[in-house]
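Engineer:
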Amino acid sequence: MVGWMLFLMSLAAFASGSVAKTLPPVSLPRGVVVKPAPGWSSAADVWNVGAGAVSFKRSGVVVVFVADAYSGTSDALLQEQLSQVGAQFDSFRSLAPSNLTIAGDVGAKSLIFSGTAQSGQLEGELVAASRQGTGVAMLAIAPMGQLHALQGDVDEMLSTLVIP
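When you number the sequence shown by this note's numbering, it's gap-free, plus one each residue, and the end is 165.
#1: Using a Cβ-based criterion (distance less than 7 Å to any ligand heavy atom), does A77 qualify as near the ligand NAP?
#2: Quick test of your reading: S75 and A129, contact by CB under 8 Å. State the CB separation rounded to the nearest angstrom.
#3: Spatial neighbours of T23 within its chain, please: CB distance less than 6 Å, with the 5 preceding and 5 following residues excluded, ordered by chain position.
#4: If L29 sits next to A54, beta carbons under 8 Å apart, how far is it from one beta carbon to the other, in whole angstroms?
#5: When DSSP labels each residue in this structure, what does S99 get in the three-state scheme?
#6: Please classify D76: does DSSP put it in a helix, a strand, or coil?
#7: Identify whether Q122 lies in helix, strand or coil by the three-state DSSP scheme.
#8: I need the boundaries of the alpha helix (DSSP H) containing D154, first residue and last residue.
#9: Between D156 and P26, what straight-line distance do the alpha-carbon atoms span, to the nearest angstrom?
#10: Between the alpha carbons of S72 and V65, how many angstroms are there, rounded?
#11: Per the DSSP calculation, D69 is bridged to which residue(s)?
#12: Under a Cβ-count criterion, where at least 16 other Cβ atoms within 10 Å of its own Cβ denotes burial, should S99 be classed as buried or exposed?
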């Protein structure tokens, strides 16, 4: 579905002190719509994810949403994405996947991970869902200890996500 080309930016690239306006919802392929939480801004200046995806940043956290055609299960999509993300780290570990409901009523798989890369110790969350031929993946990544502060925003974006 997507190759994460995770460039594990330097920690300095995460530090964005600018105050952002509330961004409008962003349409992705296959009718998927992402509604950024208040205070988030585009992260295209630090991670331009290209067509079919969108990236946002706030206070050291970068979140990427991707949508594409996908015919497998949510679990299979999560495992595919996890192997691509994990390959970008020198040292990597993840917790066991758990079930999650996103976009109102869509069953998804989620896991938390941490690792060491050129830019230092990072932590993140990976969420994957597959519904009626559409696959959606969300990657949130931050320097160790920073994701916790914005987990509520990430959860809000996942719950308000639209997957037709």
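All C-beta atoms in this analysis are idealised placements derived from N, C-alpha and C, irrespective of residue type, glycine included.
Structural biologist: According to the structure data:
#1: Of ligands this structure carries none, so the ligand NAP is not represented either.
#2: So it is a contact: roughly 5 Å between Cβ atoms.
#3: P39
#4: 7 Å
#5: strand
#6: helix
#7: strand
#8: 152–161 is the span of the alpha helix (DSSP H), which, as asked, contains D154.
#9: 16 Å
#10: 21 Å
#11: In the DSSP output, where bridge partners are listed per residue, D69 has G136.
#12: Exposure of S99 is indicated by the presence of fewer than 16 other C-beta atoms within 10 angstroms of its C-beta.
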